[in-house]
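Residue 104 in full-length UniProt numbering sits at position 104 of the sequence shown; the count goes up by one each step and never skips.
Report on one structure; see the data block that follows.
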Amino acid sequence: MAVVVVGRVPVEEFALEQTLSTVPNVDFSGGRIVQSSEDEVVPIIWARGNERDTIHEALTDDPTTEEATILADLDDEWLYRMRWIDRVTLVVQMLLDSQATLLDAEAAAEKSTWSLRVLYPTRDALSKTYDFCDENDVTFDIRKVHELDTEPAGQYGITENQYAALRAACEGGYFKIPRETNLDVVGEELGLSHQAVSERIRRGTDQLISETLLIGNSRDR
Numbered sequence: 001m002a003v004v005v006v007g008r009v010p011v012e013e014f015a016l017e018q019t020l021s022t023v024p025n026v027d028f029s030g031g032r033i034v035q036s037s038e039d040e041v042v043p044i045i046w047a048r049g050n051e052r053d054t055i056h057e058a059l060t061d062d063p064t065t066e067e068a069t070i071l072a073d074l075d076d077e078w079l080y081r082m083r084w085i086d087r088v089t090l091v092v093q094m095l096l097d098s099q100a101t102l103l104d105a106e107a108a109a110e111k112s113t114w115s116l117r118v119l120y121p122t123r124d125a126l127s128k129t130y131d132f133c134d135e136n137d138v139t140f141d142i143r144k145v146h147e148l149d150t151e152p153a154g155q156y157g158i159t160e161n162q163y164a165a166l167r168a169a170c171e172g173g174y175f176k177i178p179r180e181t182n183l184d185v186v187g188e189e190l191g192l193s194h195q196a197v198s199e200r201i202r203r204g205t206d207q208l209i210s211e212t213l214l215i216g217n218s219r220d221r
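Set out below in structure tokens:
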């Protein structure tokens, strides 16, 4: 069964350490990886900060970056295609050797790690990353592991009951402005009390945000 892993890699063992240490208030997120050849991957990453020119200059000068090209410019955030040096081997190994998929990546100036969320096809594939890290003295500090079942909720670690409550609320228009339904109606559809459906929606929402928007947040520590 496939597993989703949330872990951390020290910036000094991965990428953009110089940029993160010299540019204040910069952060990177995204994680789409394009395989450009059999042994090379190209990351597509969002950069956010106060000064575009400062960030671009830092990326150009960063010793882990061979190339940084802006694909989109949206005021205070920029979409970059980058080429990293060979030393940045962890993601390459996870993708090529372990057949893994990088779902999210995040790093910020005030932190000393990259936070990664990775999908492995099997636990055996995850074991290959453990072996690689041991053999190459790479730190991959795994914080969470959960199995990805056949339900849509599995990837994000929410329960089937939370998924059902969130789906019913969304399809009924509970999250729209103005609301098109209320928790009493959603609860009646699911055979639950107002309090029970409210708790499932809150807990499910909390888990979804933690697993998507806050992968580098202190809650993973």
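Glycine residues also receive a C-beta, built at the ideal position from the N, C-alpha and C atoms.
Since residue i and residue j are thought to touch, with beta carbons under 8 Å apart, how far apart are those beta carbons, to the nearest angstrom?
i: Val-3; j: Arg-143; result: Wrong, their Cβ atoms sit about 13 Å apart, outside the cutoff.
i: Ala-108; j: Asp-53; result: The pair is not a contact, with the Cβ atoms about 20 Å apart (cut-off 8 Å).
i: Gln-99; j: Ala-125; result: 6 Å
Contact criterion: CB-CB distance below 8 Å. Does residue i meet it with respect to chain D?
i: Glu-189; result: Absent from the structure: chain D. Only one protein chain is present.
Based on the DSSP secondary-structure assignment, which residues constitute the bridge partners of residue i?
i: Met-82; result: Ala-68
i: Ser-115; result: Arg-8 and Glu-106
i: Thr-101; result: Leu-119
i: Pro-178; result: None, per the DSSP bridge assignment.
i: Asp-73; result: Trp-78
i: Arg-32; result: Ile-44
On the CB-based measure, 16 or more other CB atoms within 10 Å of its CB, does residue i come out buried or exposed?
i: Leu-192; result: buried
i: Leu-183; result: buried
i: Thr-19; result: buried
i: residue 222; result: No statement about residue 222 is possible, as the shown extent of the chain runs from 1 to 221 and does not include it.
i: Met-82; result: buried
i: Gln-162; result: buried
i: Ile-209; result: exposed
i: Ala-72; result: exposed
i: Leu-166; result: buried
i: Arg-8; result: buried
i: Ser-115; result: buried
i: Leu-213; result: exposed
i: Arg-202; result: exposed
By DSSP, does residue i sit in helix, in strand, or in coil?
i: Ala-169; result: helix
i: Lys-144; result: strand
i: Ser-193; result: coil
i: Glu-51; result: coil
i: Arg-202; result: helix
i: Asp-27; result: strand
i: Glu-211; result: helix
i: Leu-16; result: coil
i: Val-3; result: strand
i: Val-138; result: coil
i: Val-42; result: strand
i: Arg-219; result: Reliability fails at Arg-219, whose pLDDT of 47 lies under 50, so the model's placement of it is uncertain and no value is given.
i: Thr-60; result: helix
i: Thr-22; result: helix
i: Gly-157; result: coil
Original post:
Is the number of C-beta pairs between the region 58-74 and the region 98-110 that are closer than 8 Å three or more?
Top reply: no
Original post:
How about the region 124-140 and the region 154-163: do they share at least three Cβ pairs that are nearer than 8 Å?
Top reply: no
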